[in-house]
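Engineer:
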Amino acid sequence: MSNSGAKVAVVTGATQGLGLALVEGLAQRLSTADTVYLTGRDAERVRRAAEAVPAGGARVVGEVFDVADPAAAGRFAGRLRDRHGGVDIVFGNAVMRVGPDDDPRAVVGAYTQVNNFGTTRLLRAFAPLLRDDGRLLVVASSLGRLHHLAPVLHRHFDGLTSLEEVDEQVTAWRDAVADGSARSGAWPGFVNIPSKIGQVAAVRALAGQRREADLARGILLAAVCPGMMNTPTSALWWDVRDAAAPATAAVPLLDLATEPVKPEHYGELVRFGEVLPWSPYPARSA
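Note that UniProt numbering has the sequence shown beginning at 1, numbered continuously upward.
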């Protein structure tokens with residue numbers, strides 16, 4: 001068990017880029033009694049990244065955690081429950097990136113296994129471990145909103161009430177991409193769009209189940225958008241010369257993780273402290 005009052009934070013996909021910046025920022029903002037888990041799927045990269053985090057602040061511990069492994073989230077959450085009794089901050093940041101030359105049919109299976117099913121497994125495993133005033137934040141994108149899909153497709157992700165429903169819809173889309181049938185329909189060719197919408201839909205579905213109890217305990221569950229970043233992967237798609245470095249992009253995410261909860265952020269997609277609307281249509285009054 002952890003020392004009384006000590007905080008425990010977890011960051012997935014943390015060996016480089018935004019994930020590593022989140023670990024470094026948490027280590028600086030938390031105290032020497034706290035622990036930040038820097039996780040990734042490659043043991044050597046995890047070790048090197050953890051050793052390179054500047055000293056001072058919270059203790060940084062490297063742990064292998066491959067979100068693509070269906071059993072890994074449950075195992076890791078169980079270890080942290082045994083060690084600490086619960087967790088205080090979780091950033092779901094693990095991502096498989098695709099480039100313009102990748103064939104969506106060839107990569108969509110592995111892609112969804114990390115980005116989508118990895119997200120829903122993380123939510124299932126770690127939401128029950130959140131202590132009072134905890135944070136469970138999924139790094140998504142401004143692309144994760146319904147208006148990036150054709151209206152005929154909105155029904156696939158809007159109004160979902162469980163993580164199981166989200167997984168079913170992601171599976172159907174994944175299979176349509178893999179067998180080529182998505183190309184003859186309204187689905188966008190850029191797989192990042194439905195995937196990010198699936199991530200935000202997962203947060204919304206779980207939030208619908210937990211909202212009242214979580215807000216009473218000071219817990220924030222949300223999807224977060226760091227904005228455009230200057231990284232080698234982003235540069236494959238866009239001109240990112242003027243975009244923020246990961247350390248800069250991490251700041252508003254770290255604010256959400258460490259500052260008082262704003263109830264309006266709960267269950268939403270938040271960018272730079274503001275809620276990005278999920279639907280392009282105004283909410284109907286009761």
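Backbone N, C-alpha and C fix where the C-beta goes; we use that ideal spot for every residue, glycine too. Since this is a predicted model, take the numbers as computed values, not measurements.
Report the residue from Gly208, Phe126, Gln113, Glu212 whose alpha carbon sits nearest the alpha carbon of glutamate 168.
Structural biologist: Within the sequence shown, the letter at position 168 stands for residue 168. Considering only alpha carbons, the answer is Gln113.
Engineer: Straight-line CA distance for aspartate 175 to isoleucine 193?
Structural biologist: Your numbering for residue 175 matches position 175 in the sequence shown. Your numbering for residue 193 matches position 193 in the sequence shown. One C-alpha to the other measures close to 16 Å.
Engineer: Could you check if proline 263 is buried or exposed, using at least 16 other CB atoms within 10 Å of its CB as the buried criterion?
Structural biologist: Counting from one through the sequence shown, the residue named residue 263 turns up at place 263. It counts as exposed.
Engineer: My assumption, with CB atoms under 8 Å, is that valine 23 sits in contact with valine 60. Please give the rounded CB distance.
Structural biologist: Here the question's residue 23 lines up with position 23 in the sequence shown. Here the question's residue 60 lines up with position 60 in the sequence shown. Their Cβ separation, rounded to whole angstroms, is 6 Å, which keeps valine 23 and valine 60 in contact under 8 Å.
Engineer: Determine which residues share a DSSP beta bridge with glutamate 274 and list them.
Structural biologist: For the purposes of this step, residue 274 is taken as residue 274 along the sequence shown, with counting starting at 1. Answer is Arg271, bridged to glutamate 274.
Engineer: How many angstroms separate the CA atom of serine 285 from the CA atom of glycine 85?
Structural biologist: On the sequence shown, position 285 is the one that residue 285 refers to. On the sequence shown, position 85 is the one that residue 85 refers to. Any reading at serine 285 needs caution, since the residue's pLDDT is 42, under 50, leaving its predicted position unreliable; the model's value is listed next. Their backbone Cα atoms lie some 42 Å apart in a straight line.
Engineer: Might you give, ordered along the chain, the residues of its own chain that have their beta carbon closer than 6 Å to the beta carbon of alanine 244, omitting 5 neighbours on each side?
Structural biologist: For the purposes of this step, residue 244 is identified with residue 244 of the sequence shown, where counting begins at 1. Met229, listed in sequence order.
Engineer: How big is the Cα-Cα spacing for tyrosine 37 and glutamate 259?
Structural biologist: As a first step, residue 37 is located in the sequence shown; it is residue number 37 there, counting from the start. As a first step, residue 259 is located in the sequence shown; it is residue number 259 there, counting from the start. Straight-line Cα distance between these residues: approximately 20 Å.
Engineer: By alpha-carbon positions, which one of Gly189, Pro246, Thr161 ends up nearest to valine 200?
Structural biologist: One-based indexing of the sequence shown puts residue 200 at position 200. Out of Gly189, Pro246, Thr161, Thr161 has the C-alpha closest to the C-alpha of valine 200.
Engineer: Would you list the residues sitting across from isoleucine 197 in a DSSP beta bridge?
Structural biologist: In the sequence shown, counting from the first residue as 1, residue 197 sits at position 197. BP columns for isoleucine 197 are empty, so no partner.
Engineer: So, is glutamate 268 buried or exposed, given that buried needs 16 or more other C-beta atoms within 10 angstroms?
Structural biologist: As a working mapping, residue 268 is identified with position 268 in the sequence shown. Burial call: buried.
Engineer: Measuring only the C-alpha atoms, how far is leucine 129 from serine 184?
Structural biologist: Taking the first residue of the sequence shown as 1, we reach residue 129 at position 129. Taking the first residue of the sequence shown as 1, we reach residue 184 at position 184. Approximately 43 Å between the Cα atoms of the pair.
Engineer: Using three-state DSSP, classify valine 67 as helix, strand or coil.
Structural biologist: Counting from one through the sequence shown, the residue named residue 67 turns up at place 67. Valine 67: coil per DSSP, three-state reduction.
Engineer: Between the C-alpha atoms of valine 67 and valine 152, what's the straight-line distance to the nearest angstrom?
Structural biologist: Reading the sequence shown from its first residue, position 67 is the one you call residue 67. Reading the sequence shown from its first residue, position 152 is the one you call residue 152. So the alpha carbons of these two residues sit roughly 31 Å apart.
Engineer: Assuming glycine 159 contacts isoleucine 197 (C-beta within less than 8 Å), just tell me the rounded distance between them.
Structural biologist: The residue you call residue 159 lines up with position 159 of the sequence shown. The residue you call residue 197 lines up with position 197 of the sequence shown. About 13 Å; that fails the 8 Å criterion.
Engineer: Please report the straight-line C-alpha distance between leucine 80 and glycine 208, rounded to a whole angstrom.
Structural biologist: Looking up residue 80 in the sequence shown gives position 80. Looking up residue 208 in the sequence shown gives position 208. Approximately 26 Å between the Cα atoms of the pair.
Engineer: So, helix, strand or coil for valine 126, using DSSP?
Structural biologist: Within the sequence shown, the letter at position 126 stands for residue 126. Reading the sequence as shown, one finds phenylalanine at residue 126 and not valine. Helix.
Engineer: Which same chain residues end up closer than 7 Å to asparagine 93 when comparing Cβ atoms and leaving out the 5 residues on each side of it in sequence?
Structural biologist: As a working mapping, residue 93 is identified with position 93 in the sequence shown. Contacts found: Val11, Thr12, Gly13, Ala14, Leu18, Gly19, Leu22, Val139.
Engineer: With distances taken from CA atoms, which of Asp69, Ala33, Ala150 is nearest tyrosine 281?
Structural biologist: Against the sequence shown, residue 281 aligns to sequence position 281. Checking every option, the nearest Cα to that of tyrosine 281 belongs to Ala150.
Engineer: Quick one: grab the DSSP three-state call for phenylalanine 91.
Structural biologist: Here the question's residue 91 lines up with position 91 in the sequence shown. In the structure shown, phenylalanine 91 sits in a strand (DSSP, three-state: E or B).
Engineer: Determine the burial state of alanine 27: buried for a count of at least 16 other Cβ atoms within 10 Å of its Cβ, exposed for fewer.
Structural biologist: For the purposes of this step, residue 27 is taken as the residue at position 27 of the sequence shown. With 16 or more other Cβ atoms within 10 Å, it is buried.
Engineer: Can you tell me whether serine 31 is buried or exposed, with buried defined as 16 or more other CB within 10 angstroms of its CB?
Structural biologist: The residue labelled residue 31 in the question sits at position 31 within the sequence shown. That one is exposed.
Engineer: Which of the three DSSP states, helix, strand or coil, is assigned to arginine 284?
Structural biologist: Taking the sequence shown and counting its residues from 1, one reaches residue 284 at position 284. Note that arginine 284 scores 48 on pLDDT, short of 50, meaning its location in the model is unreliable and no value can be drawn from it.
Engineer: Give me, in chain order, the residues of the same chain whose beta-carbon lies closer than 6 Å to that of alanine 6; leave out the 5 immediate sequence neighbours on both sides.
Structural biologist: Walking along the sequence shown from the start, residue 6 turns up at place 6. The answer, listed in chain order, is Ala33, Asp34.
Engineer: How would you label glutamine 39, buried or exposed, when you count the other beta carbons within 10 angstroms and need 16 or more for buried?
Structural biologist: By one-based count along the sequence shown, residue 39 stands at place 39. According to the sequence displayed, residue 39 carries threonine and not glutamine. Buried.
Engineer: Hey, leucine 253 and alanine 222: beta-carbon distance below 8 Å or not?
Structural biologist: Taking the sequence shown and counting its residues from 1, the one referred to as residue 253 is at position 253. Taking the sequence shown and counting its residues from 1, the one referred to as residue 222 is at position 222. Not a contact, by the Cβ cut-off of 8 Å.
Engineer: Going by the CB atoms, is the gap between tyrosine 266 and serine 195 shorter than 8 Å?
Structural biologist: Sequence index remark: in the sequence shown, residue 195 carries index 195 (1-based). Sequence index remark: in the sequence shown, residue 266 carries index 266 (1-based). No, the Cβ-Cβ distance between serine 195 and tyrosine 266 is not below 8 Å.
Engineer: How would you label valine 251, buried or exposed, when you count the other beta carbons within 10 angstroms and need 16 or more for buried?
Structural biologist: For the purposes of this step, residue 251 is taken as residue 251 along the sequence shown, with counting starting at 1. So valine 251 counts as exposed.
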